[in-house]
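The listed protein sequences correspond, in order, to chains E and F. Counted from 1, the first sequence has number 253 at position 253 by the working numbering; the numbering is strictly sequential. Counted from 1, the second sequence has number 1443 at position 443 by the working numbering; the numbering is strictly sequential.
Number of protein chains: 2
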Amino acid sequence: MTKKPAIVCLSFILLLFNTLSYSQNKDSLMIRQIFDQALTSHLAYTQLRNLCKNIGPRLTGSGQAAVGIEYVHKLLKTTGCDSIYNLPVMVRNWERGEKETASMTSSILGTNDLHICALGGSIATPSAGIQGQIIMVDSLSQLKKLGRQAIEGHIVFFNRHMDPRFIRTFNAYGRAADQRTLGASEAAKYGAIGVIIRSLTLADNLYPHTGVLRYDTAITRIPAVAIATRDADLLSQWLKKDPSLRVSYTTHCSENQPVPSFNVVGEIKGSLYPDQVILVGGHIDSWDLGEGAQDDGIGCMQSIEALRILLSLGYKPNYTIRCVIFIDEEIGQAGGRAYAAWSLATKQKHRIAIELDAGGLLPLGFGMSDKSPLFEAFQKWQPLMLPYGLYNFQKGGGGVDIGFLSGQNVPLMSLLTDSQRYFDYHHSGLDVFENVNEREMQLGSAAVSSIIYLLDR
Amino acid sequence: MTKKPAIVCLSFILLLFNTLSYSQNKDSLMIRQIFDQALTSHLAYTQLRNLCKNIGPRLTGSGQAAVGIEYVHKLLKTTGCDSIYNLPVMVRNWERGEKETASMTSSILGTNDLHICALGGSIATPSAGIQGQIIMVDSLSQLKKLGRQAIEGHIVFFNRHMDPRFIRTFNAYGRAADQRTLGASEAAKYGAIGVIIRSLTLADNLYPHTGVLRYDTAITRIPAVAIATRDADLLSQWLKKDPSLRVSYTTHCSENQPVPSFNVVGEIKGSLYPDQVILVGGHIDSWDLGEGAQDDGIGCMQSIEALRILLSLGYKPNYTIRCVIFIDEEIGQAGGRAYAAWSLATKQKHRIAIELDAGGLLPLGFGMSDKSPLFEAFQKWQPLMLPYGLYNFQKGGGGVDIGFLSGQNVPLMSLLTDSQRYFDYHHSGLDVFENVNEREMQLGSAAVSSIIYLLDR
């Protein structure tokens, strides 16, 4: 696109009026300063690069997660928090081990390697791997209909696609995720020897997407893997031509003893209501295939950056602003549970809790539980944020970690971000620093900093 | 992010209600069908891949542009247009020639290669290149202040940054683009032997971004290049330490005789008002460094896809829907001018003209000139489009190609897309197919198809 000066001028003046006008309004001015800070500083993006590139993926309970925890502790300190402490928590220690391998073999079509990865929490296959015929299903209920006679001794292939018609891709994910979380136990009920799950992504490529499974304690555990969508499609095509083809796969994962770990807390004490807390946070643990950039290094870095921006502008909060960097969101949610238990035991008072765990893509607004006493005020803030593209001030908010606080009547909030690309990266080898755009990240940091400012009044 | 089923359920039901509810409203139903079509078809994305990968970049007047024109002609045919024709136009034929080279040499700091590219329309350097001391400025007015004494015999380095504080990056671009379009002629006035322009991007990397310059006919032409932002920063740092450092560069571009080319037009004849036209289009020409994916292969493919979707749903338009694929937007705008001249000569009646030339990133709404008789109705369509994230129904719309129609009182419109990443790719080697997300592209196709449907009532 080339712009002719005359055309540029008109639209420029119109938009300049919207985006750079300095109104008399104090809140508008403060929010403008917050965005200017965020968009002219490269600090948070550099910190995310360090986290992703120098520390790397941070599987809960791993050594790298421990280094990540140390790193955010240090960042909270340099940011200027007046109180930083760790909340201890025991976490699971599941490891992938060596890279997994898989292939399909058909007497008609030949042999083809498949891109797979073990699901988080899965047991390993025997060291020689497992091999079997494939029963392809698209739901847990279809599995039930087929029954033991069809399934026993075979490998179940859950091939339900995420539905591309959902505009918000989290809804498509929510609809497809049961095959990953429950598929192994449900298939084992009918005597399956293993399960293969279509990766939960709308992208067509060779990257498998992991994620946690939950074994039913009463059922024999069977090894479960995710398969890349392109290979899932190929497997499905081959099965049409040769239903008797066999798949073999080998995984090396192991569950070690739980290890001690921490949630990290950094606070700026409130001057008027020091015992009332505005909580903002993300989770430092990640999956091991990528670098935990979008999920959720960015949520951690944005939480810290939101505080840094307020402090750099000389802002002194009325309420205590508390950044909580949770551990173990991906596997056991022990961090979220531990924080909630500590909150209950020590009678913490939360004005609100905000979780950043939907990726650092373009921010579009916020969600807040409408039971919150702040909800009415919240909806009136939209005009203040609209110049920054934050148009959506909707009912309903939360996150996995802060979700455990809902029993304590803590109002929950989340930052709403563009979800179109999120599942391209989610839980896969593509969740790396290179797939983070600095401006998108920093618009999110500014959005969060601004909403904390508004919540603090 | 892991979602617990309970949490998913609540937000899922709330959002499902918004996004998938089938209201009694006919328009809502039609728009839902349009989005379902767009999000479940891979056709347009595949066509964009063909255009980018098999045809490649399409500099106006080039052989590849001619192949691109043939390709869209074929696509319009298979889409089911009932009338397809070419509008002839002569276009410039500027070529880059061999890859450019540049370096800076300092007696203190050594030598360093620089990543540059000739600006579109520039003359070449002599075959041995040019070499000179650098005068760094950040505006045309600073150049004027320095005057001939400072500038004569030197190379002017325009290093004005795009301002990252603008939320809509097109505004930052508009503010910085004069150095590229006018810098060479302004510097030549004061006896400069060449100009180097900081690339117009907010990204920090080694990709130079080209774009057209305009030589003042009264002034001696001097060779102009763009420099990658990271090298611009390095050059600026070196200059602080050694103001007498010298830069040399060699370019091989040439301006050949104008060649015949075409705008391509495809129509679906209106059943009620066949002589009144809803125009939608993009431009097929591109810069030569990438593949012309975002700028503007995607605008062409989305225009054609918007028609395909309506036809595939059995829709019979009231007005004539005309897809115009313009040529020569980037260099001489001959295509836009020729269309406007033809429109005037043949007394075309345009109900509206929509240009898609802001990239295929997340669509956020539409702009329409408020002088349009449709503007009042337009603003009432927002609730119909909001479930698809199209919240912004703003005053002011247009585009370079359709801009030439404004003298004929044609109401102008544009699709508004997320601009955060647009200038990362724009006019550089990064404007390739890999940097297009299929969902973002198809949400745009559906948005355009829907607005055509609404405009057609």
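Note that beta-carbon positions come from the ideal geometry of N, C-alpha and C, so glycine has one too.
Taken through DSSP and simplified to helix, strand or coil, E/G129 comes out as coil. In this structure, DSSP gives F/T1229 a helical state, which the three-state scheme calls helix. Partner residues in the beta bridge of E/T250, as assigned by DSSP, are E/T101. Two segments are said to touch when three or more pairs of C-beta atoms, one from each, lie closer than 8 Å; by this definition the segment 248-258 of chain E does not touch the segment 210-219 of chain E. Residues of chain F whose Cβ lies closer than 7 Å to the Cβ of E/T40 are, in chain order, P1164, R1165. Between E/V280 and E/I354, the C-beta spacing is below 8 Å.
At a cut-off of 8 Å, the C-beta of E/P126 has no neighbouring C-beta in chain F. Interface criterion not met: the Cβ of E/L415 is under 8 Å from no Cβ in chain F. Of all residues in the segment 378-399 of chain E, the ones placed with a Cβ closer than 7 Å to any Cβ belonging to chain F are P387, Y388, G389, Y391, K395, G396, G398, in chain order. Cβ-Cβ distances below 8 Å link E/L374 to R351, I352, M368, P411, L455 in the same chain, with the five nearest sequence neighbours on each side left out; the list follows chain order. For E/Q408, the closest Cβ of chain F is not nearer than 8 Å.
For E/L206, the closest alpha carbon among the candidates E/R198, E/V212, E/L213 is that of E/R198.
Between the alpha carbons of E/T181 and E/V212 lies a gap of roughly 6 Å.
Here the segment 339-349 of chain E does not lie against the segment 284-293 of chain E, with fewer than 3 beta-carbon pairs under 8 Å apart. CA-CA distance, E/G365 to E/I298, rounds to 17 Å.
By the CB criterion at 8 Å, F/L1307 and F/T1060 fall outside the cutoff.
The three-state reading of DSSP puts E/N435 in helix, counting H, G and I together.
A contact between stretches requires three or more CB pairs, one per stretch, nearer than 8 Å, and the segment 1171-1188 of chain F meets this requirement with the segment 1149-1163 of chain F. Against chain F, the beta carbon of E/L362 has neighbours under 8 Å at L1362, D1418, Q1420, listed in chain order. Per DSSP, the unbroken alpha helix (DSSP H) holding E/K77 starts and ends at 63-79. In terms of beta-carbon proximity, E/E255 stays away from the interface with chain F, with every pair separated by 8 Å or more. Looking only at F/A1203, F/D1295, F/Q1179, the smallest Cα-Cα distance to F/T1417 is reached by F/D1295. Closest in alpha carbon position to E/P88, among E/I325, E/Y388, E/K241, E/L29, is E/I325. Around the beta-carbon of E/E152, fewer than 16 other beta-carbon atoms lie within 10 Å, marking it exposed. Cβ-Cβ distances below 8 Å link E/K349 to D275, Q276, V277 in the same chain, with the five nearest sequence neighbours on each side left out; the list follows chain order. Look at F/A1118 here: in three-state DSSP terms it is strand. The beta-bridge partner set that DSSP reports for E/F404 is empty. Within the same chain, Cβ atoms closer than 7 Å to the Cβ of F/F1393 are found at G1365, F1366, F1378, Q1379, W1381, Q1382, the five residues on either side in sequence being excluded. Between F/A1446 and F/C1052, the C-beta gap is not smaller than 8 Å, which leaves the two residues out of contact. Within the segment 1275-1355 of chain F, the complete beta strand (DSSP E) runs of at least 3 residues fall at 1319-1326, 1349-1355. Under the 8 Å Cβ criterion, the segment 1188-1203 of chain F counts as touching the segment 1163-1179 of chain F, having at least three qualifying pairs. If only complete runs of 3 or more residues are kept, the segment 1136-1188 of chain F shows the beta strand (DSSP E) at 1155-1158, in order along the chain. At least one CB of chain E lies nearer than 8 Å to the CB of F/N1437. The Cβ atoms of F/E1440 and F/L1356 do not sit closer than 8 Å to each other.
Closest in C-alpha terms to F/E1434, from the list F/N1050, F/L1415, F/G1191, comes F/N1050. Boundaries for E/K26: no beta strand (DSSP E) harbours it, while the alpha helix (DSSP H) harbouring it runs 26-40, taken from the DSSP string.
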